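The structure appears below as structure tokens.
Numbering (the UniProt record's numbering), first residue to last: 1 to 241.
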């Protein structure tokens, strides 16, 4: 904002007399009257989310003003099938992609846990893995990781909303508000239970690929071999072991 620089009154340049105290007081009075009128229209301590727009001056009726539509719009109805589907899809993207991105670190971690004498720490683990399998070996187990954690994300995000709304309907509106933190915890625990069941088969295959040398290199090799050796209902397939 431009602020003009004030100079002392020079009678030589401005022969007219400076404004009197009465004139200055009158101008200040008019200024405060305008502020009071504006404050009555929009009180400074009123609701900050509401403003009553009334002009103190006449409005030009011939002027056209374009304003944004303030109507609330939603992509889908809360609690609808589309709502659950979008939540589940968000879980697939968030869990599947992020866990797949850290497969090299997860692979070395699992190998250190299985054979700490060979792989040692995280740095020597990467070194040994690259020496034996090459850089491509760091991606072993990416397919079951992506599929398994995508299913887990689907269960986490989708089932969480299902259980949250279900428990809310059972408790009623008032109890839902009073016990909202406990409700969120119960809904998340319920969702995690089923989400981990969806993850288990792929997690079992991932660990086999990453830690059992020579067992299988891909998911397509691993699953049929596991079924042939232990059957569909085995602990290795269901992942409950």
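Note that the Cβ used here is the ideal one computed from N, Cα and C, for glycine as well.
In this text, all values refer to a predicted model and were calculated from it rather than measured experimentally.
Look up residue 115 in the DSSP assignment and say whether it is helix, strand or coil. coil
Presumed contact (8 Å Cβ cut-off) between residue 188 and residue 149, rounded CB distance: Incorrect: roughly 17 Å between the Cβ atoms, too far for contact.
Kindly list the residues whose CB is nearer than 8 Å to the CB of residue 225, restricted to its own chain and excluding five residues on each side of it in sequence; keep chain order. 215, 216
According to DSSP, simplified to helix, strand and coil, what is residue 76? coil
6 Å Cβ shell around residue 154 - same chain, five flanking residues per side excluded: 88, 91, 92
Please confirm if the stretch 156-171 is in contact with the stretch 101-109, defined as three or more CB-CB distances below 8 Å between the two stretches. no
Name the two residues that bound the continuous alpha helix (DSSP H) containing residue 159. Unbroken run through residue 159: none, as it is neither H nor E.
Quick one: measure Cβ to Cβ for residue 223 and residue 141, integer angstroms, because I've assumed they're closer than 8 Å. Actually they are not in contact, since the Cβ atoms of residue 223 and residue 141 sit about 13 Å apart, beyond 8 Å.
Is it a yes or a no for the stretch 115-133 touching the stretch 159-175, going by three-plus beta-carbon pairs under 8 Å? no
Backbone CA spacing between residue 183 and residue 193 [nearest angstrom]: 16 Å
For the alpha helix (DSSP H) containing residue 220, list its first residue and its last residue. 219-230
Neighbourhood of residue 211 by C-beta distance below 7 Å, restricted to the same chain and skipping five residues each side: 110, 111, 114
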